[in-house]
Amino acid sequence: MAPVEAWTIVMNVSPTRTTNRRTAQRRSPVTAVKKAILASTSRCSFWWCPHVFFAHALHSSSVEKSTLDQVMHEAVTLTPHSDLLGAAGRLVHLPGVNPIPSTPPLRDEDFGIEFPGAAIVQREVEYCQWQQVSHQTKRLVGKEPSQCILTRDSTNPACKDAQAANACAAVFDRNACNSYECCSFQEGADIYDTETSYEYFLDWHSAPIPSTFFHDRMSYDNPQRNPFPAYTRRAPHAVVPAQAALFGDSKYFPTQSLSRVGITPSHVATVRPHALREGFWDVSSTWFYSDYSKLTQRSTWADIAEKGFNYMVEGVWDTGMKGKCTPGDIRIGFRSASFVPTVTVVARLSERDLVPYKTYANEVFYVVPGTVGLKDVLDERSAAADSYVWWTGFFTVAFLALVAYLFFSSGSKNPKP
Numbered sequence: 293m294a295p296v297e298a299w300t301i302v303m304n305v306s307p308t309r310t311t312n313r314r315t316a317q318r319r320s321p322v323t324a325v326k327k328a329i330l331a332s333t334s335r336c337s338f339w340w341c342p343h344v345f346f347a348h349a350l351h352s353s354s355v356e357k358s359t360l361d362q363v364m365h366e367a368v369t370l371t372p373h374s375d376l377l378g379a380a381g382r383l384v385h386l387p388g389v390n391p392i393p394s395t396p397p398l399r400d401e402d403f404g405i406e407f408p409g410a411a412i413v414q415r416e417v418e419y420c421q422w423q424q425v426s427h428q429t430k431r432l433v434g435k436e437p438s439q440c441i442l443t444r445d446s447t448n449p450a451c452k453d454a455q456a457a458n459a460c461a462a463v464f465d466r467n468a469c470n471s472y473e474c475c476s477f478q479e480g481a482d483i484y485d486t487e488t489s490y491e492y493f494l495d496w497h498s499a500p501i502p503s504t505f506f507h508d509r510m511s512y513d514n515p516q517r518n519p520f521p522a523y524t525r526r527a528p529h530a531v532v533p534a535q536a537a538l539f540g541d542s543k544y545f546p547t548q549s550l551s552r553v554g555i556t557p558s559h560v561a562t563v564r565p566h567a568l569r570e571g572f573w574d575v576s577s578t579w580f581y582s583d584y585s586k587l588t589q590r591s592t593w594a595d596i597a598e599k600g601f602n603y604m605v606e607g608v609w610d611t612g613m614k615g616k617c618t619p620g621d622i623r624i625g626f627r628s629a630s631f632v633p634t635v636t637v638v639a640r641l642s643e644r645d646l647v648p649y650k651t652y653a654n655e656v657f658y659v660v661p662g663t664v665g666l667k668d669v670l671d672e673r674s675a676a677a678d679s680y681v682w683w684t685g686f687f688t689v690a691f692l693a694l695v696a697y698l699f700f701s702s703g704s705k706n707p708k709p
């Protein structure tokens, strides 16, 4: 469905010089990391910053534990036959309910497709585009002349005047240069010839690729068109069956994995006119296609009439896109997922709505997969809070140990005069 075409262009770039001369001593990466860590800790004191993070973790855990205790004492477990009026305004525990999306079902207004039972819908858009990949290779073509230079770090005062520098510059032999106390022989820098090659691959991509800065932008032009961008949509509410239907914000309810939505020739009849004008009259099992070459060469309605006639006669809607891809083509597909079939909900019941239960420092709206007792739900969250504190404490101690090591090791290497 997505063949790949590749073209290669090779060009020579003027020779570049890469020097191997000794320069000033560079700072090693380890030294840079040390200085960065010590500088960051000095701004908020050596011990204060890690303690702030750990104290925040302890406070968050304490607040979570307090909230869980409050939920344990105030929550009321409801069964399918429980009286909802008596529980209105209270914190409720609904084990083993089966949420479904609210009506009307999610719908794509551009292609006229409905997704009954879907809690989340994702529209995927892919673009047939050229992609440029460059490769550089270096070849050694020569060396710069070697030279005899003045040794700057010499302890001899006579080596620091201009006469000594001129004397070194007049020497061209390695042995003669090294025989002078004030001189040192330096090898010439390597000269490399850089060759750059460009490859162009034609394939489907999740975003348009501008070809303005391609090396050969005339031969590999990418038309920039994006009539229908990608999106992700969720059903506004989840309906929880009980004695009466209860409604909750769908963002709290987990969904299953997204799966591809099948596309059939009958879906072409639902495509809206503005999408047809963009060339989306070709389909396959999972995609709507817009053939850019046909869109620019032929009348949209004439092509639609031809394909419609072929479909009525042969019963097959030929996509015209199978086995090839041209720059500017677009294909659009859909993925959808329903809610997890069985969940347990802990939230406040407000008439027929499930809303977050507000404590003095938190909001409670727990949804966990499966049929789970209230105590098990709270124990799971309590264990997560304890794990957060443990890992925060571990990284705090490790951070303090690292900073202490860097601090004392840097101090021992730079003693005061």
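Here this note's numbering is used: the sequence shown runs in plain steps of one and ends on residue 709.
Here a beta-carbon is modelled for each residue, glycine too, at the ideal position from N, C-alpha and C.
Annotated as distal: I555 and S582, with beta-carbon spacing of 8 angstroms or more. Spanning the alpha carbons of S426 and W682 requires a straight line of approximately 48 angstroms. Collapsing the DSSP output to three states places V575 in a strand.
Secondary structure at C440: strand, using DSSP grouped into helix, strand and coil. In the displayed model, L398 falls within a strand according to three-state DSSP.
Look at Q362 here: in three-state DSSP terms it is helix. With 16 or more neighbouring CB atoms inside 10 Å of its own CB, G571 falls in the buried class. Counting every other CB atom within 10 Å of its CB across the protein chains shown gives V563 a total of 16 or more, marking it as buried. Within the same chain, V635, T636, V669, E672 come within 8 angstroms of V660 by CB-CB distance, once the 5 residues on both sides are set aside.
If you check the CB distance, A534 and L376 come in under 8 angstroms. C-alpha of Q414 to C-alpha of T588: approximately 29 angstroms in a straight line.
Nearest Cα to D485 within the set N470, N467, P500, L432: L432. Between L494 and C440, the C-beta gap is not smaller than 8 angstroms, which leaves the two residues out of contact. Apart from the 5 residues on each side of it in sequence, R627 sits with its Cβ closer than 7 angstroms to the Cβ of Q414, E416, L550, S551, R552, V553 in its chain, given in chain order. Following the DSSP letters along the chain, one finds S471 inside the alpha helix (DSSP H) bounded by residues 466-471.
In the DSSP assignment, A530 falls outside any alpha helix (DSSP H) and lies within the beta strand (DSSP E) extending over 529-532. Taking one beta carbon from each stretch, the stretch 397-416 and the stretch 519-528 have 3 or more pairs nearer than 8 angstroms; the two touch. Closest in C-alpha terms to P528, from the list P391, H365, Y492, comes P391. Taking the Cα positions, F687 is about 14 angstroms away from H348. For L646 against V532, the beta-carbon gap comes to about 7 angstroms, under 8 angstroms, which counts as contact.
Q516 is the residue among Q516, Y492, Y490, H507 whose C-alpha sits nearest the C-alpha of I501.
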